[in-house]
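K.L.:
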Amino acid sequence: MKTKHELELADVKAIAAAAEAEALKNNWAVTISIVDDGGHLLWLQRLDGAAAISSHIAPAKARSAALGRKDTKAFEDMINNGRTAFLSAPTVDGLLEGGVAIMKSGQCLGAVGVSGVKANEDAQVASAGIAALGL
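For the sequence shown, our numbering begins at 32 and goes up steadily by one.
This is the structure we're talking about:
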C-alpha cells in the first residue's frame with residue numbers, strides 16, 4: 032500500500048494567508064480558492080473589490096488543476112494551440128491560467144485557483160500560497 036499525503040486545515044490556512052499577502056502586496060482584488068485532490072472546496076476567500084464572477088471562476092480553476100494534476104495553464108495552452116475538443120472534457124471547466132496544482136512526491140494534494148487579475152498574476156498569487164508549504 033502507498034502512503035497518501037493530504038492537506039490539513041493548518042496547510043489550507045497557511046496557503047490562504049500567503050496567497051492573500053501576495054495579492055494585497057500587489058493591490059490585486061482576487062478570489063482565492065483551495066481544493067483537495069478530488070476537487071472538493073476547502074477554502075474560498077473573495078478579497079474586497081474582487082468581481083462577483085471570480086467567486087465562480089477561482090474554484091473552477093482549482094478543481095480543474097486538482098483533477099488534471101497539472102496547472103491550468105497547460106490546458107489553456109493546449110486549447111489555444113488547436114486542441115479545442117478538450118473543451119468537451121467532463122467536470123473540468125476552469126481551463127484558464129490561474130489554477131496551480133499542489134504536488135508532493137509526485138502526488139497531487141489539491142490545488143489553488145485564483146481569479147480577478149491577469150492570468151499570469153492569478154497564477155502568481157496561487158503559487159505564492161503554495162510556496163508557504165515549503166514543498
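We treat Cβ as the ideally placed atom computed from N, Cα and C, and that holds for glycine.
If I measure Cβ to Cβ from LYS101 and keep anything under 6 Å in the same chain, skipping five residues before and after, which residues do I get?
P.N.:
ALA132
K.L.:
Thinking VAL145 and ALA163 are a contact (beta carbons under 8 Å), I'd like their distance in whole angstroms, please.
P.N.:
So it is not a contact: roughly 14 Å between Cβ atoms.
K.L.:
Mapping the DSSP letters down to three states, classify VAL156 as helix, strand or coil.
P.N.:
VAL156 falls in the helix class under three-state DSSP.
K.L.:
My output table needs one value for ARG94: the three-state DSSP class, helix, strand or coil.
P.N.:
ARG94: helix per DSSP, three-state reduction.
K.L.:
Among ARG94, SER119, VAL148, ASN112, which residue has its Cα nearest to the Cα of GLY125?
P.N.:
ARG94
K.L.:
By the three-class DSSP mapping on this structure, what secondary structure does ASP67 have?
P.N.:
strand
K.L.:
Here's the rule I'm using: 16 or more other beta-carbon atoms within 10 Å means buried, otherwise exposed. How should THR103 be labelled?
P.N.:
buried
K.L.:
Just to confirm my understanding: we take LEU75, look at its own chain, exclude 5 residues before and 5 after, and list those with CB closer than 6 Å. What are they?
P.N.:
SER64
K.L.:
Any idea what DSSP makes of MET109, helix, strand or coil?
P.N.:
helix
K.L.:
How far does the alpha helix (DSSP H) with ILE46 in it reach, from first residue to last?
P.N.:
40-56
K.L.:
By how many angstroms is the C-alpha of ALA159 removed from the C-alpha of MET134?
P.N.:
14 Å
K.L.:
Terminal residues of the continuous beta strand (DSSP E) containing ARG77?
P.N.:
That run of the beta strand (DSSP E) goes 72-77.
K.L.:
Quick one, which of LYS44, GLU51, ILE84 has its alpha-carbon nearest GLN155's?
P.N.:
GLU51
K.L.:
Give the DSSP-derived three-state secondary structure of LEU140 in the structure shown.
P.N.:
strand
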